[in-house]
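Colleague: Just dropping this structure here.
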Amino acid sequence: MTKYNNFPRYLASKKTVDDRALNQRVWDALAERLNDPWDLEILEIGGGIGTMIERLHERDTLQHVHYTLLDEQPGNIAAAKERLPKWADEHNVTWHWEDETLILWHMGQVTQVDFLAEDLFNFLARRPADQQYDLLIAHAFLDLVDIPATLPELFKTLKPNGNFYFTINFDGETIFEPDVPDDAEVMAVYHRTMDERITNGKPSGDSHAGRHLFTHLRNAGAKIEAAGASDWVVFGDESGYPADEAYFLHFIVDTVRGALDGKITPRQIESWASARHAQIERGTLVYIAHQLDFFGSVP
Ligand SMILES: C[S@@+](CC[C@H](N)C(=O)[O-])C[C@H]1O[C@@H](n2cnc3c(N)ncnc32)[C@H](O)[C@@H]1O
């Protein structure tokens with residue numbers, strides 16, 4: 000059993016890394032859309048523990064919105080329900096529950112959050128056709144599904160001229176520095192596992208999802224209004240890493256190790272992973288992942 004198996008903690012540790020990475024031009028396009036005095040319906044898919052809601056508030060982007068946070072893991076949704084009120088207390092945001100809906104209130108602006116612990120494809124199949132959204136958010140999610148098959152279904156959830164904000168889409172480059180033995184083989188096999196991933200009998204992954212989104216989005220009838228890089232860049236020093244980013248790095252190294260189980264020799268993968276974990280302990284590991292963000296509309 001690995002030590003690095005707390006997924007909600009990984010998502011929490013990822014927040015500061017994502018904060019630095021998100022592409023500012025693409026964010027600005029989103030912020031302009033959200034600068035709308037009318038109530039907006041937002042659906043976030045694969046939303047994890049709700050850090051995007053926190054970020055949208057922290058950057059003063061939300062006016063009156065009804066936000067549906069959907070994630071298939073009940074543990075993530077439970078963590079979101081526990082975490083958001085604590086976050087609100089720390090950020091001068093008033094909150095209360097109305098049945099299962101969390102109401103966040105700040106400077107006269109109200110965010111109603113509904114939580115759904117459900118598989119996206121179940122949700123899409125049971126959703127009444129008239130339940131539609133102004134904005135669809137998928138953050139560090141789309142590279143986990145069959146994108147060309149999923150986009151047309153996702154876009155049916157949008158109102159006419161609805162918008163999408165699809166961020167942190169992995170795009171083929173994982174860089175760990177400084178070098179350790181077997182790096183090239185570890186990375187090549189790791190990326191191949193993304194391309195060959197099957198979930199519930201369906202292809203579910205693409206190691207170059209970011210660049211392929213330009214074509215997939217256009218083929219699904221979308222207009223890309225802003226796109227740009229959102230690379231994760233994590234580095235430390237002798238005193239360690241910012242916030243909980245050492246945990247983030249250990250979790251990533253452990254994810255690579257787990258993905259390669261049975262695909263290269265146990266000796267190679269164990270010595271690669273222990274060299275990387277040791278670099279994290281010393282604050283010397285640098286980790287970069289190339290990713291792309293998109294904002295656009297669907298007529
Ligand atoms: C890499 S995590 C990103 C979570 C969150 N967006 C964040 O960045 O903090 C991907 C999330 O997608 C969720 N997920 C994966 N497949 C899903 C599906 N078919 N339906 C709903 N959620 C799914 C996982 O439970 C996980 O929380």
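Numbering that gives the first Met the number 0 puts the sequence shown at residues 0 to 298. Glycine included, C-beta positions come from ideal geometry on N, C-alpha and C. Keep in mind it's a predicted model, so treat the numbers as computed, not measured.
1) Can you name, in chain order, every residue of its own chain whose Cβ lies under 6 Å from the Cβ of A225, other than the five neighbours on each side?
2) May I ask you to list the residues that DSSP assigns as paired with S296?
3) So N162 and S296 are supposed to be a Cβ contact under 8 Å. How far apart are they, rounded?
4) If you scan the stretch 242-288 from start to end, which runs of the alpha helix (DSSP H) of 4 or more residues do you find wholly inside it?
5) Can you give me the C-alpha to C-alpha distance between V144 and L68, rounded to a whole angstrom?
6) Is the closest heavy atom of ligand 1 to the C-beta of H56 under 6 Å?
7) Quick check on K14: buried or exposed, where buried means 16 or more other Cβ atoms within 10 Å of its Cβ?
8) At a cut-off of 6 Å, is F165 close to ligand 1 when judged by its beta-carbon and the heavy atoms of the ligand?
9) Is the closest heavy atom of ligand 1 to the C-beta of G46 under 6 Å?
10) Using three-state DSSP, classify H63 as helix, strand or coil.
11) Any idea what DSSP makes of F169, helix, strand or coil?
12) At a threshold of 6 Å, does D313 count as lining ligand 1 (C-beta to nearest heavy atom)?
13) When DSSP labels each residue in this structure, what does Q23 get in the three-state scheme?
14) Within 6 Å: the Cβ of D230 and any heavy atom of ligand 1?
15) Per the contact definition of three or more C-beta pairs closer than 8 Å, is the stretch 95-104 in contact with the stretch 125-143?
Modeller: Quick look at the numbers:
1) Excluding sequence neighbours, A225 sits near R24, V25, A28, F294.
2) Per DSSP, N162, K222.
3) Confirmed, about 5 Å.
4) Whole alpha helix (DSSP H) segments, 4+ residues: 244-258, 265-281.
5) Near 18 Å, if we compare the C-alpha coordinates of L68 and V144.
6) H56: no, Cβ never under 6 Å from ligand 1.
7) Per the 10 Å Cβ criterion, buried.
8) No heavy atom of ligand 1 is found nearer than 6 Å to the CB of F165.
9) Taking 6 Å as the cut-off, the C-beta of G46 counts as close to a heavy atom of ligand 1.
10) Here H63 sits in coil by DSSP.
11) In the structure shown, F169 sits in a strand (DSSP, three-state: E or B).
12) In the structure as shown, the chain starts at 0 and stops at 298, and residue 313 therefore has no counterpart that could be examined.
13) Three-state DSSP puts Q23 in a helix.
14) Checking every heavy atom of ligand 1 against the Cβ of D230, none is found closer than 6 Å.
15) No, they do not touch.
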